[in-house]
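Taken in order, the sequence shown gives residues 0 to 358; the numbers are from numbering that gives the first Met the number 0.
We treat Cβ as the ideally placed atom computed from N, Cα and C, and that holds for glycine.
Below you'll find the structure, written out as structure tokens, and then a few comments.
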Amino acid sequence: MQYFEKFNLRREPFSFTPDPDMFYRSQSRMDCLRHLVVGIRLHRGVSAVVGGVGSGKTTLCRVLVRELAHFEGIDVCLILNADFAGRREFLLHLTRLLGIPEGDPDLDAPALTERIEAALRQRYETKNRIVCLLIDEGQVMTPGCFQALEALNAATIQDGKLLQTVIFGQNEFLGLLPSYPALAGQMNYLHVLRPFSFRDTRAMVASRLDASAVAGRPRPRFTWPALIYLHLKSGGYPRKIVRLCHRALIGILGEGATIRLTHVRRSAKEQLLSGKPGAAARAALACACVLAAALAGYAVFNTLNSPGGLPAESPPAVSVAASPLPPSQIRARVAEQAPPGEAASGQTGQTGQTGQAGA
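Right under this line is the structure:
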């Protein structure tokens, strides 16, 4: 039995490999995906997506491959690493991807460019098909790769560019572009992937657990303090979120199905992310703990005053799928739940007590 089956999950929810099935469709990611697809279908030429390490570029690239498969007349070529020695080596690799028959092995770069352009044009004119070249790890592209793309991007058809190209790279890619004005000046679309907000971090965790859960069976849950700490320690970067969640889920084997603050802290230490949260982080955690305690007290009060008395089972832990609240609303909710006239010092003391219980 796989470990995740013990949590009523049918598959690994936090796998480290890029998986389009686990792609969290945040608004910004979906906007980016739509712009890329539209640009390709309208023959706009070169687009680029950049972001920090672990921001989800490779997963987005795989999702784009899947999206393009839904449209007729688009052939996708994927280059996982463009660290070629020179322009000629890049072009030779591209000819193999395109299935162009082997010709003179001594052809130079300009001649190879002409062969590729002729093959692309024939494919478009006789089969009404275009080629979309996807390049991952664009920050390692050599000058020869840029020069080859500049030459290929100059080839046009009646309604746009002959070759469609999307480059995915780390932020260093932006520093390389100014050296190639012919390519940079004709860039159709450039998107910078930002880290997730707390709302998106929480929704991403929920979407992965929901996609992995066995239908009709309860799945693991994260407490509010655990989610806030997870977001703060990951910085909103999908790769770090996944790694922290994976370790935290492993850490609760035999302890139930609720992931608490202590589990995420332990996971962060194992991932060498054990720095202490700042003042804002501590305040957010405190607010979450106070809110959890206040809501629990409110529920007990209502139950005791209802005709049915105490329920047979205690209410479940706060689910990941619940609507997120920003810190300002958390503080407002806490203030609403506090008894009239309660001193600020008394609330502070309650925070210290509930911080461990709600973790």
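Member of the options whose CA lies at the smallest distance from the CA of residue i
i, options, result
"L59", "A210, R264, P17 and E4", "P17"
"V62", "L32, N80 and A47", "L32"
"R24", "D199, L173 and R264", "D199"
"N152", "F172, L176, Q169 and L182", "L182"
"A214", "F221, R10 and T257", "R10"
"H42", "P104, L162, A110 and D20", "L162"
"R65", "R201, A225 and M21", "M21"
"W223", "T257, Y2 and D74", "T257"
"N187", "R40, G143 and D74", "R40"
In DSSP terms, what residue i is bridged to
i, result
"L192", "G50"
"V36", "In DSSP, V36 forms no bridge with anything."
"R220", "T257"
"L119", "Paired residue(s): none; L119 is not in a bridge."
"C131", "V75 and Q163"
"V45", "T164"
For residue i, three-class secondary structure by DSSP
i, result
"Q1", "coil"
"T16", "coil"
"N7", "coil"
"T200", "helix"
"A147", "helix"
"Q157", "coil"
"F89", "helix"
"I99", "coil"
"D74", "strand"
"F167", "strand"
"L106", "coil"
"L111", "helix"
"L59", "helix"
"V213", "coil"
Burial state of residue i, where buried means 16 or more other Cβ atoms lie within 10 Å
i, result
"R128", "exposed"
"S273", "Any reading at S273 must be qualified, since the residue scores a pLDDT of 46, below 50, and its modelled position is unreliable; no value is offered."
"H69", "exposed"
"S178", "exposed"
"A356", "With a pLDDT of 36 at A356, under the threshold of 50, the predicted position of this residue should be treated as unreliable, and no value is reported."
"M29", "exposed"
"Y236", "buried"
"E71", "exposed"
Assess contact between the region 113–128 and the region 86–95, defined as three or more Cβ pairs (one per stretch) separated by less than 8 Å. Is contact present?
With contact defined as three or more Cβ pairs closer than 8 Å, the region 113–128 and the region 86–95 are in contact.
Three Cβ pairs or more, each shorter than 8 Å: is that satisfied between the region 101–108 and the region 157–173?
Too few Cβ pairs lie closer than 8 Å, so no.
For the structure I just gave you, are there three or more beta carbon pairs, one from the region 227–236 and one from the region 186–202, closer than 8 Å?
At 8 Å Cβ cutoff, the stretches touch.
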